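Heads up, the thing below is written out as structure tokens.
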Amino acid sequence: MSTFYTQDIQKSPRIPKLVEHLFEKMPEIEPYRAVLLTESYQQTEGEPIILRRAKAFAHILAHIPITIRPLELIVGSSSKNPRGAQLFPEYSYEWVEAEFDTLATRSADPFYISEETKNALRKVFPYWKGRTTSELATSYMVPETIAAIDHNIFTPGNYFYNGVGHVTVDYGKVLKIGYRGIAEEARAALAKLRVTDADYAKRHHFLNAVLITCDAVEMYANRYAELARKQAAACADDVRKAELLKIAENCSRVPAHGATSFYEACQSFWFVQMLIQVESSGHSISPGRFDQYMYPYFKADLDKGVITREQAQEYVDCVWVKLNDLGKVRDLASAEGFAGYSMFQNLCAGGQDKDGKDATNDMSYMCINATLHVLLPQPSFSVRVWNGTPHEFMIRAAEITHTGIGLPAYYNDEVIVPALQSRGLTLQDARDYNIIGCVEPQKSGKTDGWHDAAFFNMCRPLELTFSNGTDKGIQVGPQTGDVTSMKSFDEFYGAYKKQMEYFIELMVNADNAIDQAHMERCPLPFLSSMLEDCIGRGKSAQEGGCVYNFTGPQGFGIANVADALTAVRELVFNEKYLTLAEFRQALENNYGKDMDPKQAEKLTKQVVKSMVDSGRMLTPDDIKAVYLTVAQNPCSDEQKARYQQLLDRISALPKFGNDDREIDNFARDVAYTYTRPVERYRNPRGGTYQAGLYPVSANVPLGAQTGATPDGRLAFTPVADGVSPAAGRDVNGPTAAANSVARLDHYIASNGTLFNMKFHPSALAGRSGLESFVALVRGYFDQKGSHVQFNVVSRETLRDAQKHPENYRSLVVRVAGYSALFTTLSRSLQDDIINRTEQGGF
Amino acid sequence: MNTSLLSVTGRIFDIQRFSTHDGSGIRTLVFLKGCPLRCRWCCNPESQSYEIQQMTLGGNTKTVGRDVTVEEVLKEVLRDRMYYRRSGGGITLSGGESLTQPDFAVALLTACQENGVHTAIETTGFATPETIERYLPVLDCVLMDIKHMDSEKHQQFTTRPNDRILQNARLIAEKAKRLIIRVPVIPTFNDTEEEIGAIAAFAASLPNVREIHLLPYHRMGQDKYTGLGREYTMSHITPPSAEHMELLRKKAESYGLKALIGG
């Protein structure tokens, strides 16, 4: 018998109205932040960067338009229009101008932008020439690194173009002492400084910068209080008038002061959450253990009898809606990699407390209710699971899974806690972890984790192994030997490992260059004020102010590489069915298959453009001829037949994902070719590297840059996501796939692993369906899998949604470490989701 | 464990993991080959003959049936032991009719129990009482079909009368740890309220029986008949509607049993 209040709590009629308002229009790009930022920077030339950052933040908060949306109870919007996006030219801006005219029509995450906004932006962009983090980062990279990025071996694009984000601040501290309290701490630290301290100047400026941001936030909240009062005065509806006056009261108190009620705590939380995303464009600003730091306020109000469960649930639901009100515009390539307007604000419930006891409470269940009430992609809702997690909590979480919105993701404390300890976290801190962004664990309020530092495509070094390090005629990798003279599989595998190690070194070079650039050009005093031990150390998180510092770049494509190396070993060296030279030719010829039509169309456009650019006149027939040349495979029928035989042989070989111990253990070894070299390196903030194994949605666009691979994967098609088996190759059911994935070493991938499973809704129908589902998660976790998430939709539903997107605007699917509205995804990503193996209930 | 059990051989035609409708929790179904009945609606016609056969499905011809040792099957079954433990699942012997291979089946069930795996069979109950007595000590649960109370009609649709089956049901009810009665609901055969009611009344009269499952007829086996070069005589039959199944479920429940649609 559960002692928690586990049942659903009635949803307020306000919630669907708030949601409807949010999704009325295409999100819009707004110029205000970029313009205000530039104004401030122009006034502070020559001052220490940390002060310039604080003053710019204060200037923005003083003048950016503010708005209270209809019926809101929790207020504070970074954009005038719902889901709008501000710009952050201090990181990068060139792509915005280049994409001005395509932003509204692109397939991934379109944004409306008015001519007026374009003009305002055109005026301020020139200031940023030579001043961005991306330009500085590039100057810190060695030429080999830039070549490797150009050849799509890995991409650090995320932090190259944007802020870093990927952090959970100490929300509990703001709720408790407010920014006045934080300012007190900064003043106390200032008082301890001696002018003779070696680092006096640095500390002094940092602490003053913190003070400026604390004041700025208080002033900003007061603007809202004033606006609410004004609107209340003009409001004819007594109910709404009273609401607005209450909002004014809240904003006069928080976040400057500690919260004295649950409602104030919700409002205070929201200001923190939103304003971090005004200071920097870094995404994955993750609320973390909301159920833990909010519960005491709820409990106190409930015990005092000043709040009902229904009221409290409404506030929580309002917070959930607001989390969907934040927008971020990304460059086209990144938009494809992070498709779905995603902000990756990961919020977690359940798990253990720092002393190892179960931490589930009534608020954990209210988080589940809110997710079911709102049914939107944000927050990325995560559930922590340990051996002592209440069964009823799992069942209620599974109810969310059954809705098919792809939430929650399930995380295994039994793996993550020791994995974090192995990276130097104390046992108490490790037990108190939460999830950042997609799947990355960290200790909140103490960590600058740089999770998601790069995407590393493990298939590309395999291509380079076949070509002795050359790509498109250029030597981008080391010469690891001509494959035609390789005598053993070990020699071939050894060459692959050398390619891997080389490119991992270059990826580290890229990440450290970017890290250095952020440290110098974009330290974040507001964010740092909520991270231990920045105030104590007198420096920002970007300069190494945090207790824990990591860099976590993620690899993906393990399943393809494991299957591919198995094919090479079996067909070339054991069976001697073909030579490596023949295999190489088969790959170059894409196994005699025509090119994927979408890819062919894209290439045709490029070819046509370059022909037109060079002055050629082309008729429609010419263009058709170009397309056919690009798309059609030139191999003879005889060759094609021979390649088909090869594909059949490959298809008959064992594949990762089918509970075959031998190949699964080999896949474990293949994953080490990435995870082990990565952990050797250090970052400029004084921390270490740790690998993750997950792709976000980059397995699709980066797969489109990857030629055919020896596992029978055709050129330019998606590679396997995360630690999941390659799409369609796991044919022994969900328990077999889970057993295979659990055979990988999830502990060493302490930056997170991602296992996608796709279920038909019938598999979760009824209580017995939920019970089996929970047992599946538990059984996978017993074998030390770290993370699992589910897409529960039928293939037919998704196909119909492609045909009639208008009927499926709210269809949420799990993309990778996050959920997104299906119809907002690009066609190729939609296809990839449809093609992931669907595990039926028998 | 008793390793002599491991080398006992039997004939199976499939092993299906993550099965959630044939016994409690997540189960692995082991399908034994050979059955003394020939039910017209059988969805596994390839299970009926003990002989190894060829079946053509979707243009591919595959061999149905293979001889395996207990050790080989046990290895497959144990792969999902984590999920059994978490769900209260285990192994279910299905068929065909597992009572036709007692040496193999009993050895396999014994080996499973010794490894902590919950055991069940899905059975027609058509065997000698002596054979059934051999199984009962190594079974945690029996899922037994009662298809019709009218012996003549039973024979007409399954090729066997029901007298021995009904006697065995009583024997199993008295001695098994748990018995669940299952009824394939087949239009034109047993889908009236009277017929289901008669079966439920019988089930309720058995000692220790508290549960009855009504399994609606489906056509998923149809292609296999063609694939085996056989005629499917049920192609004119449409599956019962959800409303009708609910009606029958209520009827069964009226005898004091817990009645479920599906497993």
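Protein chains in written order, with the working numbering: chain E, 60 to 901; chain X, 135 to 397. Idealized CB from N, CA, C, for every residue including glycine. All values reported here derive from a predicted model rather than from experimental measurement.
Open item on the list: Going residue by residue through the segment 364-397 of chain X, where are the continuous alpha helix (DSSP H) segments of at least 4 residues, counting only ones entirely within it?
Closed with: 376-387
Open item on the list: Along the chain, where does the alpha helix (DSSP H) containing residue 69 of chain E start, and where does it finish?
Closed with: Residue 69 of chain E -> no alpha helix (DSSP H), and no H or E assigned at all.
Open item on the list: Using only the alpha-carbon positions, how far apart do residue 133 of chain E and residue 184 of chain E sit?
Closed with: 34 Å
Open item on the list: The alpha helix (DSSP H) that contains residue 636 of chain E, what's its start and end?
Closed with: That residue, residue 636 of chain E, is in no alpha helix (DSSP H); it is neither H nor E in DSSP.
Task: the segment 305-313 of chain E in contact with the segment 204-224 of chain E per 3-pair CB rule at 8 Å - done: no
Task: Residue-chain proximity (residue 477 of chain E, chain X), Cβ-Cβ < 9 Å - done: Judged by the 9 Å Cβ criterion, residue 477 of chain E is not in contact with chain X.
TODO: Mind the definition here: the segment 736-743 of chain E touches the segment 446-465 of chain E only if three or more C-beta pairs lie below 8 Å; say whether that holds.
DONE: Three or more beta-carbon pairs separated by less than 8 Å are not found between the segment 736-743 of chain E and the segment 446-465 of chain E, which leaves the two stretches without contact.
Task: Alpha carbon of residue 179 of chain E to alpha carbon of residue 88 of chain E, nearest angstrom - done: 12 Å
Open item on the list: What does the alpha-carbon distance come out to for the pair residue 199 of chain X and residue 725 of chain E?
Closed with: 31 Å
Open item on the list: I'd like to know whether the C-beta atoms of residue 291 of chain E and residue 372 of chain E end up nearer to each other than 9 Å.
Closed with: no
Task: Local Cβ density within 10 Å of residue 92 of chain E, reported as buried at 16 or more and exposed below that - done: Of the residues assessed, residue 92 of chain E falls on the buried side of the cut-off, its CB having 16 or more other CB atoms within 10 angstroms.
TODO: Quick one: give me the first and last residue of the beta strand (DSSP E) that residue 609 of chain E is part of.
DONE: 607-615
Task: Chain-order list of residues whose beta-carbon lies under 7 Å from that of residue 847 of chain E (same chain, five-residue window excluded) - done: 469, 814, 816, 836 and 839
Open item on the list: Here's a check: name, in chain order, each residue in its chain whose Cβ is nearer than 6 Å to the Cβ of residue 395 of chain X, leaving out the five neighbours to either side.
Closed with: 348, 379 and 383
Open item on the list: Can you tell me whether residue 665 of chain E is buried or exposed? The criterion is at least 16 other CB atoms within 10 Å of its CB, across all chains shown.
Closed with: exposed
Task: Unbroken stretches of the alpha helix (DSSP H), 4 residues or longer, contained in the segment 467-546 of chain E - done: 472-480, 486-490 and 518-525
Task: Contacts around residue 376 of chain X, its chain only, beta-carbon distance under 7 Å, and the 5 residues preceding and following it disregarded - done: none
TODO: Specify the secondary structure class of residue 126 of chain E as computed by DSSP and reduced to three states.
DONE: coil
- [ ] Check the Cβ of residue 216 of chain X against every Cβ in chain E and list those closer than 7 Å, keeping chain order.
- [x] 838, 841 and 842
- [ ] Can you grab the Cα-Cα spacing for the pair residue 728 of chain E / residue 321 of chain E, in whole Å?
- [x] 50 Å
Open item on the list: Suppose you measure from the CA of residue 396 of chain E to the CA of residue 157 of chain E; what does that come to, to the nearest Å?
Closed with: 19 Å
Task: Cutoff 9 Å: residue 409 of chain E Cβ touching any chain X Cβ - done: For residue 409 of chain E, the answer is no, since every Cβ of chain X falls outside 9 Å of its Cβ.
Task: Exposure label - residue 400 of chain E; buried when at least 16 CB within 10 Å - done: buried
- [ ] Report yes if the C-beta distance between residue 263 of chain E and residue 829 of chain E is below 9 Å; otherwise report no.
- [x] no
Task: Span of the beta strand (DSSP E) around residue 148 of chain X - done: 143-153 is the extent of the beta strand (DSSP E) around residue 148 of chain X.
Task: Neighbourhood of residue 426 of chain E by C-beta distance below 8 Å, restricted to the same chain and skipping five residues each side - done: 349, 350, 375, 406, 408 and 440
Task: Straight-line Cα distance separating residue 771 of chain E from residue 710 of chain E - done: 7 Å
- [ ] Have a look at residue 270 of chain E and residue 246 of chain E and give me their C-alpha separation to the nearest angstrom.
- [x] Taking the straight line from one Cα to the other gives about 8 Å.
TODO: Please list, in chain order, all residues of the same chain as residue 338 of chain E whose beta carbon is under 7 Å from its beta carbon, the five residues on each side excluded.
DONE: 116, 583, 585 and 586.
Open item on the list: List, in chain order, every chain X residue whose beta-carbon is nearer than 7 Å to that of residue 96 of chain E.
Closed with: Going along chain X, no residue has its Cβ under 7 Å from residue 96 of chain E, so there is no contact; the nearest lies around 53 Å.
Task: Beta-carbon proximity list for residue 191 of chain E, same chain, < 8 Å, skipping 5 on both sides - done: 148, 149, 150, 151, 152 and 580
TODO: Enumerate in chain order the residues of its own chain whose CB-to-CB distance from residue 387 of chain X is below 6 Å, with the five nearest sequence positions on each side excluded.
DONE: 393
Task: Per DSSP, cross-strand counterpart(s) of residue 201 of chain X - done: X:145
Task: N-terminal and C-terminal residue of the beta strand (DSSP E) that residue 316 of chain E is part of - done: Counting along the chain, residue 316 of chain E falls outside any beta strand (DSSP E), and DSSP gives it neither H nor E.
Task: Residue closest to residue 399 of chain X, alpha-carbon to alpha-carbon, out of X:286, X:314 and X:252 - done: One cannot answer for residue 399 of chain X here, as it falls past the ends of chain X, which runs 135 to 397.
Task: Alpha-carbon spacing of residue 882 of chain E relative to residue 861 of chain E, whole angstroms - done: Straight through space, the alpha carbons of residue 861 of chain E and residue 882 of chain E are spaced by roughly 7 Å.
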